[in-house]
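The listed protein sequences derive, respectively, from chains R, W and D. The numbers in this note's numbering rise by one with no breaks, and the one at position 124 of the first sequence is 957. The numbers in this note's numbering rise by one with no breaks, and the one at position 59 of the second sequence is 75. The numbers in this note's numbering rise by one with no breaks, and the one at position 120 of the third sequence is 123. The beta-carbon is built from N, C-alpha and C at its ideal position, and this holds for glycine as well.
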Amino acid sequence: MTQYLLQIALAGIAQGSLFALTALGLVMIYNASSVVNFAHGAMGMAATYVAYLLITKWQAPFALAFAGALVAAFVLGVVVQTLFLARLRHAPLMSQVVVTLGLFMLLEGLLGLAFGYNPRPMSESIAIKPVILGNLVLRPQDVLELALLLVLGLALAALFAATKVGLGMRAITENPYAAQLMGIPVGRVLAIAWGVGVMLSAVVAILAAPMTSVTPNMMDTIVVYGFVAAIVGGFGSMAGALAGGLILGVVVNMIDAFVAPELAMSIVFGLLLVVLYVKPDGLFGRVQVQKV
Amino acid sequence: MLEARNVTVRFGGLVAVNALDLDVPDRGVFALVGPNGAGKTTLINALSRVCPVTQGTIRLNGVDVLALLPHQAVRAGIARSFQRAELFPTLTVLENLLVGLHSTMKTGLTGALMTPATRAEERSGRARCERVLRDLDLWDIAHASPADLPYGHQKLLDVARALVSEPTLLLLDEPFAGLTEAETPRLTACIAAAGERRAVLMIEHHFELLESIATWMTVMDFGSKIAEGPPAAMRDDPEVIRCYLGAARRRSAAAPSC
Amino acid sequence: MNGAVVRSAAIALVVLCAALPILLQAIGERQVYWLFVVSEFYVFAIVAISLDLLMGRSGQISLGQSGFVALGAYTTAILNQRFGVDLVVGMLAGASVAGLASLVLGLPATRLRGHYLGIVTLGFGIAVDQIALKWDSLTGGDQGIHLHRPVALGLDVGTPVRMYYVALVALVVAVLLVWSLTQTRIGRAFAAIKDSEIAAAAMGVPVARTKVLAFIVSAFLAGAAGGIYAFLAGFVAPEDFGIDSSLLFFAMVVIGGMGSIPGAIGGAVVVDAIRTTAATVSGLSLAILGGMIVLVVLFFPGGLKGWLRARARRTAHAHAPKAVVTQDA
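Dropping the structure here:
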């Protein structure tokens, strides 16, 4: 039995890395620009189609296609921030939610128009033998996801702590006006935050595309779980997003194994309501006070 | 009427109001002055239950004010205006005032059915609001949107909205800030008239103005009360001069700007 | 706009709608299809109005309105299939179930920040959909539920024309109820909590309770619409009520202009028209609606209604400049 549980936990952590990476991207964008990017999954998905095109139309090797997708994701993030969100910096919260939802619909619709909703195969399935550790089976995909989470997580931490851009982002989060007065190029920093955030989404999308195909709504489920993970993590702390994602991954896999996969999201939301009832700012969130 | 004893409001390490005692009789206009950051708005927020009080007691005609939730303040007789007229831009001027009557009116979801009782209640509510608007000479904009109005009018409306529920204690947070020379007499007359029927506790910086309508002045600095008395006496009080009027005295007889 | 003018225009519109089935007889057999399309539109308009009351008027983000519609539709369908309840009873039962269920969202809504509420309501819509699919002993799963021929208060309303009038009457009643609400104490309280919770509380509005009430009323209306839809379609299945459906209603409210009943109806017209004409091309309606939402937010914040009002104001100013309130002296 413990064997089984461990296997599920492992699968949970692997899937949780996807949620965590999504949540990291969401939190990063939110921290920098105070916007919850409801189009996050769709943007990552759109970048993945770039990879798809590179592979199928120009026979690019996988690594190049992957890189191309990341570049496309970065550009998309920058464009969305500068063209759409920048204008809404002082608009009410509702407007920001609405515009990213609109972008979500627009992107999914456009890609659906262009490529249809049938799954498109991206490359031959890579047949690598799974790694066997004692009695546990590790799929190479799981290992890759965990490894990427670790690497990217550390990279982001380094970005924030040690680079000028990262510092700029933190400053903008604390006090955008003062940051501007201090000479921080707010527009540029926000653009970079969005670019990197969407890149993270693209990484998840490419990992998630069952190694072989893409559809316009491939990220829908993952991004919803990404939101939940971010909320559980307090929607502000990167560490919280990471923890939230991993915990959620395990929970979802437990539900899949012991209850029913078709009810996983419903149960997760039920649990989320309970969590938020007890801690309205998430498990790791800071309490927000309103000033009059 | 209002009895505040040892009121302390603490936010983490910051003490905004420090062991303050305050007595307000049931009629008259009373001023609350002090430099920026003295804790005046915090005190008003505490009295209107917008912010929690760390220590102390506040009683209004024997009722424990601190036991009230923010939305229960009006029913207990405490109404207020805001430093930055927090009006409701979605609603018209008249509707803004009608919200001030939320506690006195009773129509619930039956409003959807427009029963005769509902209609009667609406009529009497609107009549009350009309009276207040006419007193302030604002009836002609009753159906305008507050967002379209000049700032001075918005401030007047903020006060009107607080008046409409005929509170026992009217709290005004810098009601004259932003008003033009032409708008000021309207508000002065309104506040003076209000002071004849209820207690008005008003935060203001404009000394000449206060001297003309307020009968009592409480001076705060760094969260504590440093002096109180008739306005004329406060002008000459050495403590007050030292912390607050000092700069203005040196400049000229002009009222200090803030 | 002048109240009397608006009222006359509204009455004229209702008369026109009432006359539509007669006018449609001219196109022969196709009239059944069009009667259904317009009846369906009336139902959607009710949902749009319910969502506008919640999002536009009360400022509560809700991305799961279809969940309430589904609850109303399924309650009605189940009661009708098993116990043969009539349209009015079924609709009211559905509305009540939806209204009660809204507490699941309304109570947390009092404590949650804006985006959290959006995601939680999204989850609600998804959960209702998943449960409807899974709990097949109650809901028939993906097979759905077929309803009996609709009867309303003893009258057989099982023909397309009669159901059309049922839907039209329901819409008119919904508009009157919501409109009256906005002209009275609770409707004003909704707007107040959206504009400034602190000022609203200072004026005596119990903010938390009012938010919950907004959810209940909105859900009740959406549930009622769902009940009527069940009889209109004669059949309910989970695929009618997914996230796509919620997004459509969301689009209606945004595009039409938030906080306005005619706005919600106008938005419903636009969105439903796009949906029905672009239905066959996958992704097209989603792309168009998404694009419109983005344009509205960026350039036409008041939506369709706001844009029309601004144009009317400009024309009015051009023709008859009145005295404008200015700062004294």
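- The stretch 906 to 924 of chain R and the stretch 249 to 263 of chain D do not touch, with fewer than 3 CB-CB distances between them shorter than 8 Å.
- V931 of chain R has its alpha-carbon roughly 7 Å from the corresponding atom of V300 of chain D.
- Spanning the alpha carbons of G211 of chain W and V175 of chain W requires a straight line of approximately 13 Å.
- By DSSP's assignment, M17 of chain W forms no beta bridge with any residue.
- Contiguous alpha helix (DSSP H) elements confined to the stretch 111 to 182 of chain W occur at 132 to 151, 167 to 179, taking only those with 4 or more residues.
- At least one C-beta of chain R is nearer than 9 Å to the C-beta of Q133 of chain D.
- The residue among D:L26, D:A15, D:V40 with its C-alpha nearest the C-alpha of I277 of chain D is D:V40.
- The residue among D:L307, D:V297, D:R317, D:I30 with its C-alpha nearest the C-alpha of L921 of chain R is D:V297.
- Setting aside the 5 residues that flank it on each side, Q71 of chain W is surrounded in the same chain by T24, each with a C-beta closer than 6 Å to its C-beta; the list follows chain order.
- Distance check between L839 of chain R and each of R:K1112, R:M1087, R:R1021 places R:M1087 closest, using alpha-carbon atoms only.
- Taking all protein chains shown into account, S69 of chain D has 16 or more neighbouring C-beta atoms within 10 Å of its C-beta and is therefore buried.
- By the rule that beta-carbons nearer than 9 Å mark a contact, H151 of chain D does not touch chain R.
- In terms of Cα proximity to G1059 of chain R, the closest of R:N1050, R:G1077, R:Q892, R:R972 is R:G1077.
- Under the DSSP assignment, F46 of chain W falls in the beta strand (DSSP E) whose first and last residues are 44 to 49.
- At least one CB atom of chain W sits nearer than 9 Å to the CB of K197 of chain D.
- Excluding the 5 residues flanking it on each side, A204 of chain D has same chain C-beta neighbours closer than 7 Å at V210, in chain order.
- Here R26 of chain W is bridged, per DSSP, to W:V31.
- Taking CB atoms only, R188 of chain D has a neighbour in chain W less than 9 Å away.
- The beta carbon of L184 of chain D falls within 9 Å of a beta carbon belonging to chain W, placing the residue at that interface.
- R75 of chain W sits in a strand when the DSSP states are folded into three classes.
- For L887 of chain R, DSSP assigns no beta-bridge partner whatsoever.
- In the DSSP assignment, T234 of chain W falls within the unbroken beta strand (DSSP E) covering 232 to 237.
- Annotation for W155 of chain W: E146, L149 place their beta carbon closer than 8 Å to its own, counting only its chain and skipping 5 residues before and after.
- Contacts between R953 of chain R and chain D, judged by CB atoms closer than 9 Å, are missing: the closest CB pair is about 14 Å apart.
- Rounded to whole angstroms, D37 of chain W and V235 of chain W show a C-alpha spacing of 12 Å.
- The stretch 241 to 258 of chain W and the stretch 213 to 222 of chain W do not touch, with fewer than three beta-carbon pairs separated by less than 8 Å.
- Rounded to whole angstroms, the separation of the alpha carbons of V1083 of chain R and G849 of chain R is 7 Å.
- Taking C-alpha positions only, T213 of chain D is separated from I49 of chain D by approximately 21 Å.
- Here M1015 of chain R is exposed, its C-beta having fewer than 16 other C-beta atoms within 10 Å.
- Residue-level contact check: Y77 of chain D does not touch chain R, since none of the beta carbons of chain R fall below 9 Å from its beta carbon.
- In the displayed model, S1046 of chain R falls within a strand according to three-state DSSP.
- L185 of chain W sits close to V40 of chain W, with the two beta carbons spaced by under 9 Å.
- A residue is called buried once 16 or more other Cβ atoms fall within 10 Å of its Cβ, and T142 of chain D is buried on that count.
- In the structure shown, R96 of chain W adopts extended strand secondary structure according to DSSP, grouped into three states.
- Within the stretch 1061 to 1122 of chain R, complete alpha helix (DSSP H) segments of at least 4 residues are found at 1071 to 1091, 1097 to 1111, given in chain order.
- Against chain D, the CB of G127 of chain W has a partner CB under 9 Å away; the residue lies at that interface.
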